[in-house]
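Novice: Residue numbers (this note's numbering): 61 to 289.
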């Protein structure tokens, strides 16, 4: 066992409940239907409702960032924007690329007697659609997506994590995420975060944000969960 794997196993040994981000750790949501295309479709729908925030020909390529922009500049359009995005996300996950390591983590949690919840900025309906399509819902205790019509609930806000942790002690939880905002949300919620560096440059950003451990593969976490049972 390497020093890194020993550290990860030791970190996970006392954990009773794993909180798992969705896009990245479980699947690549926009691998089939690309995020810029989803964002463009969302913006077109908003323009039909009077959205004129962005300059002509300009588009925000991150649909979740676009939702935040709507909340900031046209709060009256947030609810219809969120509903449209939820539909677009639900369509996107049908062709989302599974992370086999993510499924391994879900199985390892159940096999080691730990609960596992999905905590994500994506819409709950999209997450649950994906889990059902891939027969993964049986592993998941709870799904906490962004609060409908309230983009401020999204990470790096701790609100979704605190909702998932409701009734539990922070020391019993660990959060796995692949973005600095995940680590920031974990710190704000008082729960440690394992960083998942699935792209170049992420390791440095996750470490700088304060992740307790950073891994390059979700299989490493699955193996450590088994070792920590």
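C-beta atoms are modelled at their ideal positions from N, C-alpha and C, and glycine is treated no differently.
Fair warning: this is a prediction, and the values are worked out from it, not measured in the lab.
Where do the N-terminal and C-terminal ends of the beta strand (DSSP E) with residue 203 fall, by residue?
Specialist: Here the beta strand (DSSP E) through residue 203 covers 202-204.
Novice: Tell me, please, which residues DSSP counts as bridged to residue 77.
Specialist: In DSSP, residue 77 forms a bridge with 175 and 233.
Novice: Check the C-beta distance from residue 94 over to residue 123 and give it rounded, since I have them as a contact under 8 Å.
Specialist: So it is not a contact: roughly 10 Å between Cβ atoms.
Novice: Identify the residues that DSSP records as bridge partners of residue 253: which are they?
Specialist: 235.
Novice: Quick one: what's residue 169 bridged to in DSSP?
Specialist: Partner(s): none; residue 169 has no beta bridge.
Novice: So, are the CB atoms of residue 206 and residue 214 less than 8 Å apart?
Specialist: For residue 206 and residue 214, yes; Cβs fall inside 8 Å.
Novice: Start and end of the beta strand (DSSP E) containing residue 275?
Specialist: Counting along the chain, the beta strand (DSSP E) containing residue 275 begins and ends at 273-275.
Novice: Using the three-state DSSP reduction, which class does residue 157 fall into: helix, strand or coil?
Specialist: Residue 157 falls in the strand class under three-state DSSP.
Novice: Would you say residue 191 and residue 145 are within 8 Å of each other, going by their C-beta atoms?
Specialist: In this structure, residue 145 does not lie closer than 8 Å to residue 191 by Cβ.
Novice: Mapping the DSSP letters down to three states, classify residue 217 as helix, strand or coil.
Specialist: In the structure shown, residue 217 sits in coil (DSSP, three-state: anything other than H, G, I, E or B).
Novice: How would you write the range of the alpha helix (DSSP H) that residue 190 sits in, first residue to last?
Specialist: Segment 184-193, the alpha helix (DSSP H) holding residue 190.
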